[in-house]
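Engineer: For the protein sequence lines, the chains are A and B, in the order given.
Per the working numbering: the first sequence = residues 38 to 253.
Per the working numbering: the second sequence = residues 38 to 253.
Yeah, the Cβ is synthetic: ideal placement off N, Cα and C, and Gly gets one too.
There are 2 protein chains.
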Amino acid sequence: MAGQPAALLGLEKTSLRQQAVAALRVAITSGELAPSSPLVETELSEMLQISRGTLREAMRQLQQEGLISAGARGRLYVRHLDSKEIRDIFAVRAALEALAVRELAGLADRTTVIAELRAALDVMDTAVLEARIEADLNFHRTMCSLTGNDTLLHSWISLEGSIRMSIMFAGLDRAVGNMDVGRHSAIVDAIETGDADEAATAIQTHMDWASANLVS
Amino acid sequence: MAGQPAALLGLEKTSLRQQAVAALRVAITSGELAPSSPLVETELSEMLQISRGTLREAMRQLQQEGLISAGARGRLYVRHLDSKEIRDIFAVRAALEALAVRELAGLADRTTVIAELRAALDVMDTAVLEARIEADLNFHRTMCSLTGNDTLLHSWISLEGSIRMSIMFAGLDRAVGNMDVGRHSAIVDAIETGDADEAATAIQTHMDWASANLVS
DNA sequence: CGTACGATGGCTGTCAACAGGTTGCTGTCA
DNA sequence: TGACAGCAACCTGTTGACAGCCATCGTACG
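1. Please go through the same chain and pick out, in chain order, the residues whose beta-carbon is closer than 7 angstroms to the beta-carbon of A/Ile240, but skip the five residues on each side of it.
2. Compare the C-alpha of A/Thr79 against each of A/Thr91, A/Gly68, A/Ser73 and A/Pro72 and name the closest.
3. Among the residues of its own chain, which have a CB less than 7 angstroms from the CB of A/Ala233, if the five just before and after it don't count?
4. Which residues mark the beginning and the end of the beta strand (DSSP E) in which B/Val115 is found?
5. Take the Cβ of B/Ser67 as the centre, count every other Cβ of all protein chains shown within 10 Å, and call the residue buried at 16 or more, exposed below.
6. Since A/Ala107 sits in a beta bridge, which residues does DSSP pair it with?
7. Under a Cβ-count criterion, where at least 16 other Cβ atoms within 10 Å of its own Cβ denotes burial, should B/Ala157 be classed as buried or exposed?
8. Taking the alpha helix (DSSP H) that B/Asp159 falls in, what are its first and last residues?
9. If we cut at 8 angstroms on Cβ distances, does A/Glu235 have a partner in chain B?
10. Shorter than 8 angstroms from the beta carbon of B/Glu78 to some beta carbon of chain A?
11. Mind checking A/Arg112: buried by the 16 CB within 10 Å criterion, or exposed?
12. For B/Leu61, I'd like the list of residues in its chain whose CB is within less than 7 angstroms of its CB, leaving aside the five on either flank, ordered along the chain.
13. Taking the alpha helix (DSSP H) that A/Gln100 belongs to, which residues open and close that run?
14. Can you list, in chain order, the stretches of the alpha helix (DSSP H) that have 4 or more residues and sit fully within the region 175–209 of chain A?
15. Any C-beta of chain B within less than 9 angstroms: which residues of the region 177–206 of chain A qualify?
16. I need the straight-line Cα distance from B/Thr149 to B/Arg54, nearest angstrom please.
17. What's the gap between the Cα of A/Met216 and the Cα of A/Val160?
18. Excluding the five sequence neighbours on either side, which residues of its own chain have a C-beta within less than 6 angstroms of the C-beta of B/Arg201, listed in chain order?
19. Cβ of B/Arg135 less than 8 angstroms from any chain A Cβ?
20. Let me confirm a value: B/Glu197 is counted as buried when at least 16 other C-beta atoms fall within 10 Å, else exposed. Which label applies?
21. How is B/Leu76 classed by DSSP in three states: helix, strand or coil?
22. Measure the C-alpha to C-alpha separation of B/Val129 and A/Ser52 and round it to an integer number of angstroms.
23. Just the C-alpha distance for B/Gly108 and A/Thr230, rounded to the nearest angstrom, thanks.
24. Report the neighbours of A/Gly103 on chain B: residues whose CB is nearer than 8 angstroms to its CB, in chain order.
25. Rounded to the nearest angstrom, what separates A/Ser222 and A/Thr238 at their Cα positions?
26. Can you tell me whether DSSP reads A/Asp37 as helix, strand or coil?
27. Quick one: which chain A residues come within Cβ less than 9 angstroms of B/Val138?
28. Shortest alpha-carbon distance to B/Met180 belongs to which of B/Arg93, B/Ile194, B/Ala168 and B/Glu167?
29. For the alpha helix (DSSP H) that contains B/Lys121, what are its first and last residues?
30. Terminal residues of the continuous alpha helix (DSSP H) containing B/Glu235?
31. Give the DSSP-derived three-state secondary structure of A/Leu70 in the structure shown.
32. Ordered along the chain, which non-local residues of its own chain (more than five positions away) have a Cβ less than 7 angstroms from that of B/Arg255?
33. So A/Arg147 contacts chain B; which residues on that side make the cut at Cβ distance below 8 angstroms?
34. B/Met216 by DSSP, collapsed to three states: which one?
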C-alpha cells in the first residue's frame, strides 16, 4: 500500500493540510490537547502557522475520524470518550477485523499473508512502550489491508483515531498489557489453518478481552 | 438521534457547507455527476454559488464518505465503482449490520425495537421507486441506530454514500428487486426470537443475495 | 520533419479580510 | 441592590484574491 521514501524517485511533497491533520492527530491522541478542550480556529491556526481555511479543512477530516466532536454553533472540541463508547468502538472494530480474518482464512494461498503477519508480530515482540502500540496497530491494519478490500481498510482507518483515543484514555501501561504477542499469534495460527470460524472467534475473544481490560 | 424539524423550537439554520454536501451527495448518487468525471472547484463553486473555500470543506467530507476519489495533484473525481468494490462494500456492510442485529437480538426488552422496525417496514411496503430505496436504507440505518452504539451508526453512515453509489451503478430496477419486504421481515422475526446467530445469518444471507443481485 | 524549448491557460494550495451572531461585562437607573 | 440596556471582545461562516504548479500547444532550430 504505502511507500518507502524511494530515494531519488520523487520527494514527499505533502500539503499543509495533511501536515496539519497529522500534527493534530498526534496532539490529540497523545493527550497534549486534553479531551473536551475547545479547539479555537484562530488559536490553532496561529500555533501551526497556517491559515484558518487550511486548518478548517484539516479539522473537518479529524471530525470525520471521530477525534473531534462538534458543539453548538460550529464550535469544535477534542472528543471525550466514556467507558461505553470505548466498548462500542471495540465492538465495531471486532466486527471489522472478524471480517478481515474470515477473508484471509478463506484464501487458497495464505503463505504470503501468514509471512507478512508473522513479520509484523516479530516487530511487535521487540518493541516497547509507544513503539509497541504502533506495532500492534500496524499488525491489525495490515490484516485489513491484506484482504484487498479497500472499503474494509478505509473503515478500519476511520476507526483508528478512536482506537488511539481509547488507548490514551486507558493509559499506556494498561494498553500495552493488551499487546501480548502470544494472543496475536493465536489469531495468525487460526488464519493459517484456514478455519474462518475459529479465526473470527479468536479476534472476537481478543477484542472482548482488550476492551474489558481498557475500561476496567 | 436526529430530528424532526421541531416547529417553533429552533429553525434549521444549515450552513452553506452542509447544503453543499447534501447537494453534491444527491448529484453524485443520482448520476447527475457521472462516475469518474472530474470535479473542478471553480466550476462547482460557481454552479452552487458558493466560494471555493466553503466548497473545499464540503468536498473533503464527501471524500471521506467515499463518494469522491482523489487523483494526481489534488484533483478530485466522482468515484467509480467496479463489481469487486461493490462486493467489498456489501461485505463490510454485512459485518456492521450483523453486529447491529446481534446487539438487538441480545436486548432483554425488544418490544420497542421490533415496533420501530416493523413501522419502517410498513413504510417500505407502500413506497415505490426512489422512495422505496430511501425506505430500505432508512430501515437498515434505523437498525444501527437502535443499538445505541454511535460508533456503529457513524461507521454505517460513512458507508451509506458508497451503498447509494452501488445502487445507482446497478440501476434502479435491479436495486428495487432487493427490497422485498418479506426478506426484511425475516430479519426482524429473527431479532424478535432473540436468536443472535440466526439474526446475523439472516442479515448475511440478505446482503450476499443483494450484492450478488446488484453485480450480476 | 522531428525535437526541444518557451509561452499560456487552467486548476489547486494558501492566505488575509469582512460579516454576522453570541457571550460576557459594565455602567446606570429604578 | 438588582436588573436591564448597551458595548466590546471573541469566534465562526464565508468570500475573493494571489501564487505556484502542471499540462498543453505553438514555435523555432537542428
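Structural biologist: Result, derived from the coordinates:
1. Numbered from 1 along the first sequence, position 203 holds the residue referred to as residue 240 of chain A. Closer than 7 angstroms at the Cβ level, and outside the excluded window around A/Ile240, lie Ala131, Glu134, Ala135, Val138 and Ile224.
2. Translated into the one-based positions of the first sequence, residue 79 of chain A becomes position 42. With distances taken between Cα atoms, A/Thr79 lies closest to A/Thr91.
3. As a position in the first sequence, residue 233 of chain A is number 196, starting the count at 1. These residues qualify, in order along the chain: Arg139, Ala142 and Gly143.
4. For the purposes of this step, residue 115 of chain B is taken as the residue at position 78 of the second sequence. Run containing B/Val115: Leu113 to Val115, per the beta strand (DSSP E) assignment.
5. If you number the second sequence from 1, residue 67 of chain B lands on position 30. With fewer than 16 other Cβ atoms within 10 Å, it is exposed.
6. One-based indexing of the first sequence puts residue 107 of chain A at position 70. DSSP, once it has assigned bridges, lists A/Leu113 as partnering A/Ala107.
7. Within the second sequence, the letter at position 120 stands for residue 157 of chain B. Flag for B/Ala157 reads buried.
8. Mapped onto the second sequence, residue 159 of chain B falls at position 122. It spans Thr148 to Thr163 - the alpha helix (DSSP H) in which B/Asp159 sits, taken as one unbroken run.
9. Position 198 of the first sequence holds residue 235 of chain A. No, no contact with chain B.
10. Position 41 of the second sequence, counted from the start, is the residue given in the question as residue 78 of chain B. With 8 angstroms as the cut-off, B/Glu78 does not count as an interface residue toward chain A.
11. Here residue 112 of chain A corresponds to residue number 75 of the first sequence, with the count starting at 1. Flag for A/Arg112 reads exposed.
12. The sequence position of residue 61 of chain B within the second sequence is 24, counting from 1. Contacts found: Ala95 and Leu99.
13. For the purposes of this step, residue 100 of chain A is identified with residue 63 of the first sequence, where counting begins at 1. Note, A/Gln100: alpha helix (DSSP H), Arg89 to Glu102.
14. 187–207
15. Thr184, Gly185, Asn186, Asp187, Thr188, Leu189, His191, Ser192, Ser195, Leu196 and Ser199
16. Here the question's residue 149 of chain B lines up with position 112 in the second sequence. Here the question's residue 54 of chain B lines up with position 17 in the second sequence. If you take the alpha carbons of B/Thr149 and B/Arg54, they lie about 36 angstroms apart.
17. Along the first sequence, read from residue 1 onward, the residue named residue 216 of chain A stands at position 179. Along the first sequence, read from residue 1 onward, the residue named residue 160 of chain A stands at position 123. The straight-line gap from Cα to Cα measures roughly 12 angstroms.
18. Residue numbering aside, residue 201 of chain B sits at position 164 when the second sequence is read from its first letter. Excluding sequence neighbours, B/Arg201 sits near Thr66.
19. As a first step, residue 135 of chain B must be located in the second sequence, where it is residue number 98. The question names Arg, yet the displayed sequence has Ala at residue 135 of chain B. By this cut-off, B/Ala135 is an interface position.
20. Residue mapping note: residue 197 of chain B aligns to position 160 of the second sequence, counting from 1. It is buried - the Cβ of B/Glu197 has at least 16 other Cβ atoms within 10 Å.
21. Here residue 76 of chain B is taken as the residue at index 39 of the second sequence, counted from 1. If DSSP states are grouped into helix, strand and coil, B/Leu76 belongs with the strands.
22. For the purposes of this step, residue 129 of chain B is taken as residue 92 along the second sequence, with counting starting at 1. For the purposes of this step, residue 52 of chain A is taken as residue 15 along the first sequence, with counting starting at 1. Rounded to the nearest angstrom, the two C-alpha atoms are 31 angstroms apart.
23. Here the question's residue 108 of chain B lines up with position 71 in the second sequence. Here the question's residue 230 of chain A lines up with position 193 in the first sequence. Cα to Cα, the separation comes out at about 39 angstroms.
24. Here the question's residue 103 of chain A lines up with position 66 in the first sequence. Neighbours of A/Gly103 on chain B, chain order: Thr188 and His191.
25. Working through the first sequence from its first residue, we reach residue 222 of chain A at position 185. Working through the first sequence from its first residue, we reach residue 238 of chain A at position 201. The alpha-carbon atoms of A/Ser222 and A/Thr238 are separated by roughly 14 angstroms.
26. Because chain A spans 38 through 253 in this model, residue 37 of chain A falls outside it and cannot be assessed.
27. Your numbering for residue 138 of chain B matches position 101 in the second sequence. Neighbours of B/Val138 on chain A: none; closest Cβ ~11 angstroms, over 9 angstroms.
28. Translated into positions along the second sequence, residue 180 of chain B becomes position 143. Minimum Cα distance to B/Met180 is reached at B/Ile194.
29. What you label residue 121 of chain B is simply residue 84 of the second sequence in a count that begins at 1. Per DSSP, B/Lys121 belongs to the alpha helix (DSSP H) from Ser120 to Ala142.
30. Indexing the second sequence from 1 puts residue 235 of chain B at position 198. Here the alpha helix (DSSP H) through B/Glu235 covers Ala233 to Val252.
31. Stepping through the first sequence from its first residue, residue 70 of chain A is reached at position 33. Looking at A/Leu70 - three-state DSSP - the assignment turns out to be coil, as it is neither helix nor strand.
32. Within the shown structure, residues of chain B are numbered from 38 to 253, placing residue 255 of chain B beyond reach of any answer.
33. Reading the first sequence from its first residue, position 110 is the one you call residue 147 of chain A. Simply none; closest approach about 18 angstroms.
34. Locating residue 216 of chain B in the second sequence gives position 179, counting from the first residue. Here B/Met216 sits in coil by DSSP.
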